[in-house]
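Mapping the sequence shown onto the UniProt record's numbering, position 98 (from 1) lands on 98, and the numbers just tick up by one.
Ideal Cβ positions, reconstructed from N, Cα and C, are used throughout, including at glycine.
Working notes, beginning with the structure itself.
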Amino acid sequence: MHGTCASPERLNAQQRAAHIRQVVLARGEELRRRYPILRHQDALGAGILAFALAGMIGSALLYINGELAGWACLLLNAFFASLTHELEHDLIHSMYFRKQRMSHNLMMGLVWLARPSTINPWIRRHLHLNHHKVSGSEADMEERAITNGEPWGLARLLMVGDNVMSAFIRLLRAKTWAHKRSILKRTLKVYFPLALLHWGAWYVFLGFHGANAVAGLLGSPIDWSASTLATMQVIDIAAVVIIGPNVLRTFCLHFISSNMHYYGDIEPGNVIQQTQVLNPWWLWPLQAFCFNFGSSHGIHHFVVKEPFYIRQLTVPVAHQVMREMGVRFNDYGTFGRANRFAGEDGVAREKAETVQA
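Take a look at the structure:
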């Protein structure tokens, strides 16, 4: 059992988490010894960003020039944008250009431009670091914002793929005007300016084509002005090359992330209970646009400072030891339990037996 004689049943949760961390870190070091290029972390981060941006720009140009179908451009750019999400996450943990702030902040700005649907990454840094401190609790604002802990229904379906819709529904649910003002103020602050432009253009796109569809069914086409049609031509292109890809990517990431994290009844600080591995075959269409997040993100809760490409390479070894130490795999019951670890019967408690000498 990866270098220890103790059985998992005789280890408490902290000891099991420490063992997972030890095994995964050792595998990462082994990979770096075997492939020295993996030690050039800053260069790899910058190279992956250049590849993703070149891919997004290239596919957009091919589409605009009529050499690539719109659906293919949308899917390709959703994939490339998923790479920039992983880079942003690593940047939040200061994994690239830690001591070169100009380069670090340039990368932060570029990954934000590639994903204008998201909140300001400098603000997200505080939310995400807090997520690691209080994962699974009401204070975990990052996961709560993407519907972790919400019962499944129409509201959660609308909220999971649309950041602004999520804020709007929470605004409607707020019981006091002070709470409503707080939600509105926070939403405007974190989504200004890119996400407000992104989601605003998305709603205009849906409204315009929805109105045309209804008018067509009624047999009375709308006579739009020339300026409206010219504006919509730009928005239609943006919907294929940047808006649509990020709507798809957002839904895939938030659906996977919000269902692989547990909420509400876990022991504070118990990493074993914070996440599951969520990687069934039928979720692969979603995993493709969030870079295998359901399979790899749980590893990050144990080993925070490994970049995403190392985390992907350690998946086989990490999954084996995580399974041995009691991390859950493909716990579909979470969909019916609103992400509770144990359901309605109270706090789930892990055995806390100490290792006998």
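With a 10 Å radius around its C-beta and 16 neighbouring C-beta atoms as the bar for buried, classify GLY136 as buried or exposed.
buried
Taking residue 360 as the reference, give the member of TYR263, ILE272, ARG115 and HIS131 with the closest Cα.
Coverage of the chain is limited to positions 1 through 357, which leaves residue 360 absent and any answer about it impossible.
Looking only at C-alpha atoms, which of HIS301, MET325 and LEU217 sits nearest to ARG10?
Checked all of HIS301, MET325 and LEU217; the closest Cα to ARG10 is MET325.
Excluding the 5 residues preceding and the 5 following VAL241 in the sequence, name in chain order all residues of the same chain whose CB lies nearer than 7 Å to its CB.
ALA60, TYR63, CYS73 and ASN77, listed in sequence order.
If you compare alpha carbons, which of ILE299, ILE256, MET232 and ILE57 is closest to TRP282?
For TRP282, the nearest C-alpha among the options comes from ILE256.
Tell me, please, which residues DSSP counts as bridged to THR275.
In the DSSP output, where bridge partners are listed per residue, THR275 has HIS261.
Am I right that PHE308 and VAL271 are in contact with their C-beta atoms under 8 Å? What's the rounded C-beta distance?
19 Å between Cβ atoms; not a contact.
Taking the beta carbon of TRP199 as the centre, do at least 16 other beta carbons fall within 10 Å, making it buried, or is it exposed?
buried
Please look up how many angstroms separate the CB atoms of MET108 and PRO121, rounded, as I've assumed it's under 8 Å.
A Cβ-Cβ distance of about 5 Å is found for the pair MET108 and PRO121, placing them in contact under the 8 Å criterion.
Indicate the three-state DSSP secondary structure (helix, strand or coil) for PHE329 in the structure shown.
strand
What first and last residue would you give for the alpha helix (DSSP H) that runs through MET95?
From DSSP, MET95 is part of no alpha helix (DSSP H); its letter is neither H nor E.
Closer than 6 Å by C-beta to VAL164: which residues in its own chain qualify, once you throw out the five before and the five after it? Chain order, please.
Taking VAL164 as the centre and dropping the five residues before and after it, the same chain places the C-beta of TRP199 closer than 6 Å to its C-beta, in chain order.
Between ILE237 and LEU157, what straight-line distance do the alpha-carbon atoms span, to the nearest angstrom?
When the Cα atoms are used, ILE237 and LEU157 turn out to be separated by approximately 26 Å.
Given a cut-off of 8 Å on the beta-carbon distance, is the pair VAL247 and GLY161 in contact?
yes
So, helix, strand or coil for PHE341, using DSSP?
Here PHE341 sits in coil by DSSP.
Alpha carbon to alpha carbon, how far is LEU229 from GLY210?
15 Å
Could you spell out where the alpha helix (DSSP H) holding THR176 opens and where it closes?
Where THR176 is concerned, there is no enclosing alpha helix (DSSP H), given that its DSSP letter is neither H nor E.
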